[in-house]
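Engineer: Using this note's numbering, the first residue of the sequence shown is number 1, and each one after it goes up by one.
Please see the structure below; I have some questions.
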Amino acid sequence: MELRHLRYFVAVAQALNFTRAAEKLHTSQPSLSSQIRDLENCVGVPLLVRDKRKVALTAAGECFLQDALAILEQAENAKLRARKIVQEDRQLTIGFVPSAEVNLLPKVLPMFRLRQPDTLIELVSLITTQQEEKIRRGELDVGLMRHPVYSPEIDYLELFDEPLVVVLP
1 MELRHLRYFV AVAQALNFTR AAEKLHTSQP SLSSQIRDLE NCVGVPLLVR
51 DKRKVALTAA GECFLQDALA ILEQAENAKL RARKIVQEDR QLTIGFVPSA
101 EVNLLPKVLP MFRLRQPDTL IELVSLITTQ QEEKIRRGEL DVGLMRHPVY
151 SPEIDYLELF DEPLVVVLP
């Protein structure tokens with residue numbers, strides 16, 4: 001039994017008509033009928049009652065329809081989750097203090113984009129304590145902040161020393 005069989009069965013069960021189901025599936029009616037027969041042989045019981053004018057679900061068909069819908073939904077969710085994992089691998093969420101927006105980001109982002117053009121970058125302006133918390137929760141991949149974080153859960157690398165001066169009147 002393949003997902004294709006389930007899709008075909010669901011289309012027939014919802015349309016209660018082989019011709020309309022075949023049109024919806026962009027296949028021929030004889031091919032669809034053959035696939036449904038194969039499915040019924042695999043399951044071992046009739047799922048549909050057919051006569052020249054109408055199609056109806058058997059009691060087994062009603063039960064099978066609910067399971068088929070759940071399986072198809074689960075298969076679609078599995079596909080979406082797998083794709084999301086790959087997309088998340090290509091996303092980098094960077095937290096930064098506002099001063100980094102002026103001094104650091106304009107210098108490093110163009111270089112990063114040249115080396116990793118397929119990576120989607122999300123920039124989030126946050127104060128240092130908010131960044132620390134979001135890094136711990138896994139909501140940020142990288143934080144650019146003013147002072148080091150002394151925590152066993154978080155590593156840091158000092159990028160540069162920035163001199164501060166006092167200006168007086």
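Just so you know, even glycine gets a beta-carbon here, dropped at the ideal spot from N, CA and C.
Model, not experiment: these values are computed from the prediction.
Got a sec? Which residues, its chain only, sit under 8 Å from Ala-60 by beta carbon, not counting five neighbours each side?
Structural biologist: Counting only Cβ-Cβ distances below 8 Å, and skipping sequence neighbours, we find Val-43, Val-45, Pro-46 and Leu-47.
Engineer: According to the Cβ coordinates, are Ser-144 and Phe-96 closer than 8 Å?
Structural biologist: Note that residue 144 corresponds to Leu in the displayed sequence, not to Ser. Yes, the pair counts as a contact, with Cβ atoms nearer than the cut-off.
Engineer: Helix, strand or coil, according to DSSP, for Leu-39 in the structure here?
Structural biologist: Three-state DSSP puts Leu-39 in a helix.
Engineer: Roughly how many angstroms lie between the CA atoms of Asn-27 and Ala-21, to the nearest whole one?
Structural biologist: Note on residue identity: the sequence assigns Thr, not Asn, to residue 27. The straight-line gap from Cα to Cα measures roughly 9 Å.
Engineer: Consult DSSP for Glu-2 and reduce its assignment to one of helix, strand or coil.
Structural biologist: Glu-2: coil per DSSP, three-state reduction.
Engineer: Short check: CB of Phe-18 to CB of Ser-33, under 8 Å?
Structural biologist: Yes; because the gap between Cβ atoms is below 8 Å, this pair is in contact.
Engineer: My guess is that Leu-72 and Leu-25 are in contact by the Cβ rule of under 8 Å, so how many angstroms apart are they, rounded?
Structural biologist: So it is not a contact: roughly 13 Å between Cβ atoms.
Engineer: Using C-beta distances below 6 Å, list every residue in its chain close to Ile-94, excluding the 5 sequence neighbours before and after it, in chain order.
Structural biologist: Around Ile-94: Leu-123 and Val-142.
Engineer: I believe Glu-153 touches Arg-137 by the beta-carbon criterion, under 8 Å. Please report the beta-carbon distance rounded to the nearest angstrom.
Structural biologist: Not quite, the Cβ-Cβ distance comes to about 11 Å (not below 8 Å), so this is no contact.
Engineer: Mapping the DSSP letters down to three states, classify Ile-127 as helix, strand or coil.
Structural biologist: Three-state result, Ile-127: coil.
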